[in-house]
Amino acid sequence: TCWARTYTNHWAVRISGDAQEADRIASKYGYINMGPIGSLQNYYHFYHSGTIKRSVLSSRGTHNFISMEPKVEWIEQQVVKRRTKR
Amino acid sequence: DYKVSNIHSAYFNDPKWPSMWYIHCSDNAHHCQSDMNIVGAWKRGYTGKNVVVTILDDGIERTHPDLMQNYDPLASTRYQVAMHYDPMPRYDASNENKHGTRCAGEVAATANNAHCTVGIAFNAQNGGVRMLDGDVTDMVEAKSLESTHPQHVHIYSATWGPDDDGKTVDGPAALARDAFENGIRTGRRGYGSVFVWASGNGGRSRDHCSCDGYTNSIYTISISSTTESGKKPWYLEECASTLATTYSSGESYDRKVITTDLRQRCTDSHTGTSASAPMAAGIIALALEANPFLTWRDVQHIIVRTSRPRHLNAPDWKTNAAGHKVSHLYGFGLMDAEAMVIEAEKWTPVPTQHICVENTDRQIKTIRPDHVVRSVYKATGCADNSNHHVIYLEHVVVRITITHPRRGDLAIYLTSPSGTRSQLLANRLFDHSMEGFKNWEFMTTHCWGEKASGDWILEIYDTPSQLRNFKTPGKLKEWSLVLYGTSIQPYSPRNDVPKVERVRSSPIEEPSEEYNIDDYTGPCDAECSDVGCDGPGPHHCNDCLHFYYKAKNNTRICVSDCPLGYYPADKKRCKKCFPTCETCLGSRSDQCSSCKSGYYLNEETNSCVTNCPDGFYLNDNKNLCKKCHENCKICTSAEICTECEHGLSLQGSTCAVTCEDGRYYSAVKKECELCHRSCATCTRPGIGNCINCATEMALEDGRCVTSCSSEYYFSFPKANGFKTCKRCDGSCSTCSGPGERNCTSCPEGYLLEGNICMVGTICKDATEEAWAEGGFCMLVKKNNLCVRKVLQQLCCRTCTLQG
């Protein structure tokens, strides 16, 4: 079977800085900082309302320049994972 | 809470209780117990109280009468739709989101409420994380695995995973992996979150649970299923990473598992490994109630030690070199709740986990159809690195990179140095993928307790199931062995006398034991418990009545109280204080409560020091550095400051904020206030607190007066110009200056002789006698003998008369 990746309009970002820094970077590129990811250190949940909710293509646009921010260490557009109940 | 004493009867009024065969026997025979011995654990008083279990699924119906009482909102949340804390399932016509509610009922359905069913840990708190009903991403999984309260939740139960369709290979991505590691490292206040996972449900699809990176992880307790009769259910996946088994449903003639269902109902349709994993979570909750200090690894060790093959049918039961019976179908066997709580009660934490990565040679090997690739690696268990040295194995992981034109044709085996052969992967009929495995981690539990060093053999079989392109054979690109375990033996291999009950622990030196533990029948030391001993001393006890501490040679010695230099730590163990402490509350340098000779306890830092630092003074007993008044920089006692903090000045022996003359610092008003009008300077309000007096007044005993009192004389202005009245010498009644030679009058009974007060009592007596004798005193005077003190006193009147 062939099932394509489904990209969402949510991102996981690792930022070397506190929540204020994450807010600043998020707003600079049009994201909304939804807060930390669990208790994982420096990981933040970003949401971009201008991106299609589900897409087989990864998101493109100026908001991708966020990865060039010096304090952004890692960013990943979240992909839908197929999970089944047993 | 249901009364524990009533559990002896093991009868509940819940309508489905009589049908719950996997918890209790149906024939009501006197000594009848089910194989999982859940009632046995209940009878010992463990029902899951104070243990929190969260179901990671499609939500739970918190309003269900069987779930309501034990529902814990702190263990519940909901993802996907922003942050929401209500895990109520989304209701639809097909009741699609019933799964979490069904799992929750198995763990913590309320007992004896005349509704439906009874949970295995019926007093545990139960929550739900609604994370499956919507898009699941790496981030959603990571948030769920960490929950919002990882210190509050003890056990996470998950009964989902990548498709069990026999062709999917998937596992936790970066964030979820971090969440697992974070959970076991910091969750449950450092003891580690316990993750229970359904081992897989793809038996009919010939799936293999090694292709599910969640259940295959060392951080999850992978639970498989067996039917009531001990047969392999149709959905069961065989797999080397399975740790243990609980009951579930099987064929139509097998009895079912009963649990809570959506819309406040009950069901017996819940089946598959989803029915088994929550049972395991419930049993683990009983063990955690018995001992909340069990680490995530302790829980796995206890499961390995207590699970039993019983009547479970499997063609591959084998006994590994550590004496554990293990199977690819059932792991170490059926879980035993009572045995687990007994072990948990007495458990000594296993030593620190060591991780040894053995990198094998990176020579690429071609995998030819119908042939086997065999790679042998001689492992040392990282013997050259004490931080990574593994002697006794726990989990063994094979990290492997293979390219292959058809992944489903591969089967992989690993044989330990002791000869235990695990199947890491079986052929998968439906897996046509050409992706192979890229750094995929296969895990086996089958070598648990065995030695790590020696030859490990990896075998890869390629069995073509259909025509395929043989021009591109598969390749074993690289593999490495990750050995998890300990460098010292975690417990005694004697299963009949569990290590956890034995106090003396020198397993490596077992042959040198002074007494044969089977032969000794003499009396035990008074500090031994009734478990017995293998010698007469306090170091021969099998278990201690009160406390024990470890001597230098690693021998454990039973004592009534922890000796000096030790503190009571977990359970009965006395642990060493910091070397400078005499008594303490913990092992750190800042947890001392008294100090060894030559050291003083700093009351602020609770540490032992050789000198009291600035701002502290040595107390009267010379054992405590007490803090000076907050205004003092240096002091010699609580009242006497010798140097003040910046901005303060020494006023007498106290420090105060410097104010201009005529004012003092009010600590209440935080400002300088006027002194009494008599004072030039003062320490406090009122006439009695002057330091110096206003012009024309003099300071007399802290008070300002216009003229000196009778027993005082006026002192010339000091260098600062302020006047004082000083007390006359004690021999004077009034005086004109300091000392005994400035008296101007004398107290009664004294006579003033040239500004000196002389004692006059003898003179009075002598006067009569002297006059009585007539010319004696005249003679004294004439002969200038008045200068002699005795004669002067005897003839005081004659001597003092002029002429």
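Residue numbers (my numbering), protein chains in the order written: chain X, 1 to 86; chain R, 87 to 889. Every residue, glycine too, gets a C-beta built ideally from N, C-alpha and C.
1. Determine the chain R residues that contact X:SER39 at a beta-carbon separation under 7 Å, and present them in chain order.
2. Counting only beta-carbon separations shorter than 8 Å, does R:ALA367 have a partner in chain X?
3. Out of R:HIS238, R:ASN183, R:ALA210 and R:THR196, which has the shortest C-alpha to C-alpha gap to R:LEU218?
4. Quick check on the DSSP output: what are the complete beta strand (DSSP E) runs of length 3 or more inside the stretch 627–708 of chain R, in order along the chain?
5. Is the shortest distance between the beta-carbon of R:LYS229 and the beta-carbons of chain X less than 8 Å?
6. How many whole angstroms separate the CB atoms of R:ARG292 and R:PHE523, which I take to be in contact at a CB cut-off of 8 Å?
7. Pull out every residue of the stretch 196–224 of chain R whose Cβ sits closer than 7 Å to any Cβ of chain X, in chain order.
8. Consider the Cβ of X:GLN20: report whether some Cβ of chain R lies at a distance smaller than 8 Å.
9. Please classify R:ILE307 as buried or exposed, where buried requires at least 16 neighbouring CB atoms within 10 angstroms.
10. By the 10 Å Cβ neighbour count, where 16 or more other Cβ atoms means buried, how is R:ASN471 classified, buried or exposed?
11. Following the continuous alpha helix (DSSP H) through R:SER360, name the residue where it begins and the one where it ends.
12. Name, please, each residue of chain R whose Cβ falls closer than 9 Å to the Cβ of X:HIS63.
13. Around the Cβ of R:TRP433, are there at least 16 other Cβ atoms within 10 angstroms (buried) or fewer (exposed)?
14. Taking the straight line between their C-alpha atoms, what separation do you get for R:GLU595 and R:TYR333?
15. Kindly identify the DSSP beta-bridge partner or partners of R:LYS809.
16. Can you tell me whether R:SER894 is buried or exposed? The criterion is at least 16 other CB atoms within 10 Å of its CB, across all chains shown.
17. If I'm right that X:GLN78 touches R:ASP224 with Cβ under 8 Å, what's the distance once you round it to whole angstroms?
18. Using a Cβ cut-off of 9 Å, pull out every chain R residue sitting near X:TYR43, in sequence order please.
19. Which residues in chain X have a C-beta closer than 8 Å to the C-beta of R:TRP246? List them in chain order.
20. Where does R:TYR417 fall in DSSP's three states?
21. R:ILE486 and R:PHE528 look like a contact to me (Cβ under 8 Å); what is the Cβ gap, rounded to whole Å?
22. At least one CB of chain X closer than 8 Å to the CB of R:ASN602: is that the case?
23. Roughly how many angstroms separate the alpha carbons of R:LEU734 and R:CYS741, rounded to a whole number?
24. Mind checking if R:ALA127 is an interface residue toward chain X, Cβ cutoff 8 Å exclusive?
25. If R:LEU322 and R:LEU415 are in contact, beta carbons under 8 Å, what's the gap, nearest whole angstrom?
26. For R:SER360, go through chain X and note every residue whose CB falls closer than 9 Å to its CB, in chain order.
27. Might you give, ordered along the chain, the residues of its own chain that have their beta carbon closer than 7 Å to the beta carbon of R:VAL695, omitting 5 neighbours on each side?
28. Can you tell me which of the three DSSP states R:SER230 falls into?
29. Report yes if the CB atom of R:SER68 is closer than 8 Å to the CB atom of R:THR810, and no otherwise.
30. For X:GLN41, count neighbouring Cβ atoms within 10 angstroms of its own Cβ and tell me buried if that reaches 16, exposed if not.
31. Taking 8 Å as the threshold (beta carbon to beta carbon), is R:ALA330 in contact with chain X?
32. When the Cα atoms are used, what is the spatial distance from R:SER680 to R:ARG659?
33. What residue does the beta strand (DSSP E) around R:ILE543 start on, and which one ends it?
34. Using CA atoms only, rank isn't needed, just tell me which of R:VAL617, R:LYS661 and R:VAL282 is closest to R:LYS638.
35. Using 8 Å as the limit for Cβ to Cβ distance, is X:HIS48 near chain A?
36. So that I know if they touch, is there some Cβ in chain X lying closer than 8 Å to that of R:HIS356?
According to the data block:
1. Within chain R, the residues near X:SER39 are GLU232, PRO236 and ASN268.
2. Interface flag for R:ALA367 against chain X is unset, since no Cβ pair is found closer than 8 Å.
3. It is R:ASN183 whose Cα lies nearest to the Cα of R:LEU218.
4. Whole beta strand (DSSP E) segments, 3+ residues: 633–636, 642–645, 652–654, 659–662, 667–670, 678–681, 686–688, 693–695 and 702–704.
5. yes
6. R:ARG292 to R:PHE523, Cβ: 18 Å. No contact.
7. LEU218, ASP221, VAL222, THR223 and ASP224
8. no
9. buried
10. Looking at its Cβ environment, which holds fewer than 16 other Cβ atoms inside 10 Å, R:ASN471 is exposed.
11. 359–376
12. Those within 9 Å of X:HIS63 in chain R number zero; the least Cβ separation is about 17 Å.
13. buried
14. At R:GLU595 the pLDDT is 30, less than 50, meaning the model places this residue with poor confidence; the figure from the coordinates comes in the next sentence. C-alpha separation (whole angstroms): 41 Å.
15. According to DSSP, residue pairing for R:LYS809 in a beta bridge involves R:ALA784.
16. The requested residue 894 of chain R does not occur in the structure, where chain R is confined to residues 87 to 889.
17. 6 Å
18. MET225, ALA228, LEU261 and ASP264
19. The answer, in chain order, is ARG83, THR84, LYS85 and ARG86.
20. Note on identity: in this sequence residue 417 of chain R is Gly, with Tyr being the wrong assignment. The answer is strand: DSSP assigns R:GLY417 an E or B state.
21. 7 Å
22. Confidence at R:ASN602 is low in this model, with a pLDDT of 36, below 50, so the placement of that residue should be treated as unreliable; the coordinate-derived value is given next. Chain X contact via Cβ: absent.
23. 6 Å
24. No, because no Cβ of chain X sits closer than 8 Å to the Cβ of R:ALA127.
25. Confirmed, Cβ separation roughly 6 Å.
26. LYS85 and ARG86
27. Within the same chain, R:VAL695 has close Cβ partners TYR685, TYR686, ASN688 and CYS711.
28. helix
29. Absent from the model: residue 68 of chain R. The displayed extent of chain R is 87 to 889, so no value can be given.
30. exposed
31. By this cut-off, R:ALA330 is not an interface position.
32. 20 Å
33. That run of the beta strand (DSSP E) goes 540–548.
34. R:LYS661
35. Annotation note: the requested chain A is absent from the structure, which comprises protein chains X and R.
36. no
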